[in-house]
Amino acid sequence: MKAHTHETQATITPERALEFLKEGNQRFVNNLKANRDLLEQVNATREGQWPFAVVLSCIDSRTSAELIFDQGLGDIFSIRIAGNFVNQDILGSMEFGCNVAGSKLVVVLGHTKCGALKGGLDAAQIEGMGMDNLNHLINHFDPIIDKIIENGEERSSANAELLERLNQHNVKNAIEDIRKQSSTLKRLEAEGKIKIVGANYDVETGVVNWL
Ligand SMILES: [Zn+2]
Numbered sequence: 065m066k067a068h069t070h071e072t073q074a075t076i077t078p079e080r081a082l083e084f085l086k087e088g089n090q091r092f093v094n095n096l097k098a099n100r101d102l103l104e105q106v107n108a109t110r111e112g113q114w115p116f117a118v119v120l121s122c123i124d125s126r127t128s129a130e131l132i133f134d135q136g137l138g139d140i141f142s143i144r145i146a147g148n149f150v151n152q153d154i155l156g157s158m159e160f161g162c163n164v165a166g167s168k169l170v171v172v173l174g175h176t177k178c179g180a181l182k183g184g185l186d187a188a189q190i191e192g193m194g195m196d197n198l199n200h201l202i203n204h205f206d207p208i209i210d211k212i213i214e215n216g217e218e219r220s221s222a223n224a225e226l227l228e229r230l231n232q233h234n235v236k237n238a239i240e241d242i243r244k245q246s247s248t249l250k251r252l253e254a255e256g257k258i259k260i261v262g263a264n265y266d267v268e269t270g271v272v273n274w275l
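With my numbering applied, the sequence shown corresponds to residues 65 to 275, in that order.
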């Protein structure tokens with residue numbers, strides 16, 4: 065498998081970009097990794113990069129986008145933050161990926177058993193432990209938790225059903241934030257130049273489920 069070029073990137077539609085990732089995850093779960101010479105790809109991409117997708121995923125060590133979508137060098141922009149949410153800098157990275165560098169697809173990829181989301185549910189226990197920055201991060205999930213938690217429901221990472229509901233809503237929320245907070249990405253999507261999609265990676269099976 066060869067690295068993408070300016071010519072191949074130009075012919076890829078948003079739908080085809082999505083197919084590439086679906087096919088890549090199929091190869092991953094079937095242990096049929098594409099034959100790719102990474103050193104040759106270093107050489108092929110020395111003058112530039114033409115990635116077809118931007119993937120926002122969690123920092124979780126089990127969710128490396130290049131691995132689970134079986135992609136090589138120069139194929140995808142990989143943005144990672146604990147809990148796969150967006151902020152202004154991440155939106156800036158996505159705008160670069162799509163509007164400057166020509167990617168056709170934005171994927172927000174959540175995953176099961178996310179530690180950041182568990183932290184969000186157990187935030188009260190982390191407070192006062194001196195990790196102000198971590199607290200800042202996990203407080204991001206509070207408005208979503210407040211919205212989805214049911215009357216009398218236990219707010220705890222031990223509540224597995226709530227954790228997975230939070231995961232699904234967190235991905236949807238990130239997609240809404242992209243459209244609300246980036247007029248550029250919203251316009252590209254309206255013009256059909258990009259697609260913005262959500263997905264969920266199952267850490268027990270390696271399967272990416274598309275939302
Ligand atoms: Zn995570």
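The beta carbon of each residue, even a glycine, is placed where N, CA and C say it ideally should be. A quick note: this is a predicted structure, and the numbers were derived from the prediction, not measured.
- Boundaries cannot be given for residue 76, as no alpha helix (DSSP H) includes it and DSSP labels it neither H nor E.
- The residues 118, 170, 249, 252 and 258, in chain order, have a CB closer than 7 angstroms to that of residue 162 in the same chain once the five nearest residues on each side in sequence are set aside.
- Short note on residue 162: C-beta not closer than 6 angstroms to any heavy atom of ligand 1.
- Membership of residue 273 in the beta strand (DSSP E) is indicated by the continuous run 272-274.
- For residue 259, no alpha helix (DSSP H) encloses it; the enclosing beta strand (DSSP E) starts and ends at 259-265.
- Residue selection by CB proximity (closer than 5 angstroms to any heavy atom of ligand 1) returns 122, 124, 178 and 180 in chain order.
- Of all alpha-carbon atoms in 270, 205, 70 and 244, the one lying nearest the alpha-carbon of residue 165 is that of 70.
- Excluding its 5 nearest sequence neighbours in each direction, residue 179 has C-beta neighbours in its own chain below 7 angstroms: 124, listed in chain order.
- DSSP assignment within the stretch 157-243 yields the following whole beta strand (DSSP E) runs of 3 residues or more, N-terminal first: 169-175.
- With a cut-off of 8 angstroms on Cβ pairs, the stretch 221-240 is in contact with the stretch 258-270, counting three or more such pairs.
- By the Cβ criterion, the stretch 98-115 is in contact with the stretch 131-139, since at least three pairs of Cβ atoms, one from each stretch, lie closer than 8 angstroms.
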